[in-house]
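Presented below is the structure to which this report refers.
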Amino acid sequence: MFGRSRVLMAAVLALTCCFVAGTGYASGNVDLTFTAWSYGVETVNDNIAKFEQMYPGIKVAFSDFSWFDYHDIMATRFFSKTPTDVCYSSDHWLQEWAAAGWIVPLEDYFPWVRESKAEFAKYAVEGMTYNGKLYGVPYYADLMIFIYNEEMLKKAGFNQPPKTWEELAEQAKAMKAKGICNYPIIFEFGQQEGAANEVLISMVYSRKDGHMFNGLEPVFNKPGSAAAKTLEWITEGMQKSKIIDPASLTMAEIELVKSMQSGQHAFTILPKYNLAELNNPASSKLAGKFKMALMPGDTHETVGYVRFYAMTKMAVDRGKDVVDAVGKFIQYFGGKTNGKYIVEKRWAVEKGLGFAQLPLYDDPDVVKAINSWGDVKLELEQAKLARAKEGLSPFYGTWDLFVRTELHKAYLGQQSPQQVLDTCAKKWNEMRKK
Amino acid sequence: MSPVGVSGRGTLASSTPMISGRREKPFLLVVPTLGIVLCFTVFPIGYALVLSLRRFLLTQPWDTSFVGLRNYWEVITSDYFRASIASTFKFAALAVVCVLIYGGLVGLLLDARLWTSRLLQVLILLPWAIPPAIAGIMWKWIFHADYGAVNGFLVGLGLLKDYFPWLSTPSTARTCLVIAHVWKEGSLAAVLVLAGLQTIPRELRDAIFCDGGGPWTYFRHVVIPFLKPTLLVIAIYETMIAILTFDLVYVMTGGGPGNATALVSWYAYIESFRFLNFGHGAALSFTIAAVILVMILVYLRVLKTEEVY
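So the protein sequences, as listed, match chains L and Y. The working numbering applies: residue 5 is where the first sequence begins, and numbers increase by one. The working numbering applies: residue 4 is where the second sequence begins, and numbers increase by one.
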């Protein structure tokens, strides 16, 4: 009996010690959970280590998931309340996440965010804004750009990259006729590829009256619209003149970069940061041959998109200490530390990622890095012609998935471009009603 | 005499606690298992049934109202469902026939007891040991349009002029999926056929040959009747596996091009985890389960009428 009570007392004492130690830890330190998609994981971990050195009271638990599954994983995490304080998000998911109450407007919690807005590119601000409030600070922001293989172009007898879509078709046909390559053009239209529709939209934007929506009203399905012309151009290139590789329908970004590096294609459209990888001598024998040009078309406009850091409602529910820690985290990773964009600069210089923080264009290191694989002047020129995606709404992400499958029917010649666009508009209107 | 009598009222009454303990013990012993079954089988199915009768969009968590059978109606009447049923039917028909042929031929080859039989057994079982997702990735690269082994091989032999986008053309994408599926599933069929072949009495074969019959007579009048129940079991199992194929689609084609390889299981996944409509996803899953259940009942009825050797 005596022995049993001693054991009980010891257990109570041990539990009390644990509790005291626990509260002591909680009062002095904050644990943050940060989720991201898998890109540059080593760099992210290194950045986290530097952040933790700067703020010894904050510990960051980092998890990464494939980009292809990221949205679905995050939605289930939010719904099941799996601890997540700060995460990557994207312009095409923002409204869905914000409307569901999963993420919160940063400017309501951190005054510095509102002040930073002036330094961010316009399309990026638009892509991070919902109901007039800024929900994110850019992780990176980039443009969809037109890329060509200069050597192949010269071989085909052209000195200048194409300025219009008609010119591009002519150059591609000439290249095919001369046997330089079988399919001069390739796109990333794989159904798993999140940027598939961004490629198409950038082609629409570059045409005269290139619009997808007027507010939330679809205009892309109007007969003779820029979208209809674009879809007809792609279908013709894939089905008749056979200048576009049908393998485009299964291509995702990484595979496409490798295909370009294999020298089998001369033209493509990709998020701009891929130009750094294409011209990377460590991974390509054709390094230095890939150039960017303004998006062919009448206006040369393109899509500018943003991926950003967001704070979750779960973090807010955990209390002020956690919110303060998230604020420090986001400021370090996407804002200024001692007056400098440290992490953003690192991504730009080391990986070639684009950025929304415009003052970085004045940084000599950044300019030097960009010029080593691209052309900073041309990039700036294209950036000025970049527009955010139209029609961003809580159901945009879901509609985007539906559209990827439907567009294939036009590319394969199973349905006319107009039929496909009408189906997409019908779906949009159905989702809007719900 | 033992205090616990085997007869007599008084004796039984005096030992009631012990007897009741005996009665309870078996029930107590199954409680843990029952708990596990309830937690991991009955509850999820019950919850999924509830989900299928409610509006359950993950992105609109505030509205989970009861909608009756509307989710079922919406998925069954959708164009996508019709297309996926057609794709599934084409895929399953081709896959089951091919698995049966492959399994049958390989089973016969293994039963021939050649000097290579041992090595062949290992090689043929190997695909079975590879996880479907890994197999899918492997086949995706094999059929890759720009640097796949199939293209390299066929162009090298001069059978193809240029590289062909196997996974970007609806008919070839479906065929590639069937090839990968047969490669993965054929092993089991071959093993089952081999087991079936080994139950055939040797005397029957000798008798056929003594009576002047050849290999074809033996095959037609002995092997086929003996293997019929085995082949039927393989057909049932493979039909279910083909209908539920998901991993290969996920990895190799993502349902594309268009919706050429969007099988019904892929549709259920898309509705639940891409469109985040768990109401639709659950309704679709129950619909698929009902279809499979009907198929099993039909198959079992057919099996029952079969003569078993």
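Where a beta carbon is used, it is the ideal one built from N, C-alpha and C, also for glycine.
For the pair Y:I127 and L:M207, the Cα-to-Cα distance works out to about 49 Å. Shown in chain order are the members of the stretch 267-292 of chain Y whose Cβ falls below 8 Å from a Cβ of chain L: I273, F276, R277, F278 and L279. Out of Y:I182, Y:P168 and Y:W186, the CA that lies nearest to the CA of Y:A132 is found in Y:W186.
DSSP, read as helix, strand or coil, puts L:V310 in strand. Residue-level contact check: L:H96 does not touch chain Y, since none of the beta carbons of chain Y fall below 8 Å from its beta carbon. Annotation for L:M132: no beta strand (DSSP E) segment contains it, and DSSP assigns it neither H nor E. With a 10 Å radius around the Cβ and a threshold of 16 neighbouring Cβ atoms, Y:T44 comes out exposed.
A buried status is given to L:C428, since no fewer than 16 other beta-carbon atoms sit within 10 Å of its beta-carbon. Taking 8 Å as the cut-off, the beta carbon of L:G356 is found no closer than this to the beta carbon of L:A145. Bounds of the beta strand (DSSP E) holding L:N153 are V141 to N153. L:N186 sits in coil when the DSSP states are folded into three classes, being neither helix nor strand. At least one CB atom of chain Y sits nearer than 8 Å to the CB of L:N186. Between the C-alpha atoms of Y:V33 and Y:D209 there is a straight-line separation of about 53 Å.
For Y:V153, the CB contacts under 7 Å within the same chain, skipping 5 residues up- and downstream, are I145, F146 and W169 in chain order. Against Y:Y150, the close residues of chain L are S266, in the order they occur along the chain (beta-carbon pairs closer than 7 Å).
Per DSSP, L:D404 is one residue of the alpha helix (DSSP H) stretching across Y400 to Y415. For Y:R57, DSSP records a beta bridge to Y:F69. Under a criterion of Cβ atoms nearer than 7 Å, the residues of chain L adjacent to Y:N262 are, in order, T409. Shown here, L:A40 sits in a strand according to DSSP, grouped into three states.
When rounded, the separation of the alpha-carbon atoms in L:A392 and L:K324 is 33 Å. Contact holds between the stretch 122-141 of chain L and the stretch 90-99 of chain L, because three or more Cβ pairs, one in each stretch, are under 8 Å apart. Counting along the chain, the unbroken alpha helix (DSSP H) around L:Y74 starts and ends at W71 to F83. L:T272: member of the beta strand (DSSP E) spanning F271 to P275, first to last residue.
In this structure, L:S42 sits near L:W71, with a CB-CB distance shorter than 8 Å. Contact residues of the stretch 414-435 of chain L toward chain Y are L416 and Q418 (C-beta to C-beta distance below 7 Å).
Taking a C-beta cut-off of 9 Å against chain Y, the contacting residues of the stretch 368-400 of chain L are P398 and F399, listed in chain order. Looking at the DSSP output, L:Q361 bridges to L:F124. Along the stretch 25-38 of chain Y, there is no position whose C-beta sits under 8 Å from a C-beta of chain L. In terms of beta-carbon proximity, L:T306 stays away from the interface with chain Y, with every pair separated by 8 Å or more.
Inter-segment contact for the stretch 265-280 of chain Y and the stretch 248-256 of chain Y is present: three or more beta-carbon pairs are separated by less than 8 Å. Here L:L235 carries a helix assignment [DSSP, helix/strand/coil].
Taking C-beta separations shorter than 8 Å and ignoring five residues to either side along the sequence, the partners of Y:I295 in its chain run M243, I246 and L247, following chain order. Per DSSP, the continuous alpha helix (DSSP H) segment holding Y:C101 begins and ends at D82 to D114. Nearest neighbour of L:G267 by Cα position, chosen from L:F224, L:I189, L:T316 and L:W237, turns out to be L:I189. Straight through space, the alpha carbons of Y:L234 and L:F217 are spaced by roughly 57 Å. Put simply, of L:T39, L:M264, L:N342 and L:D112 the residue whose alpha carbon is nearest the alpha carbon of L:V327 is L:D112.
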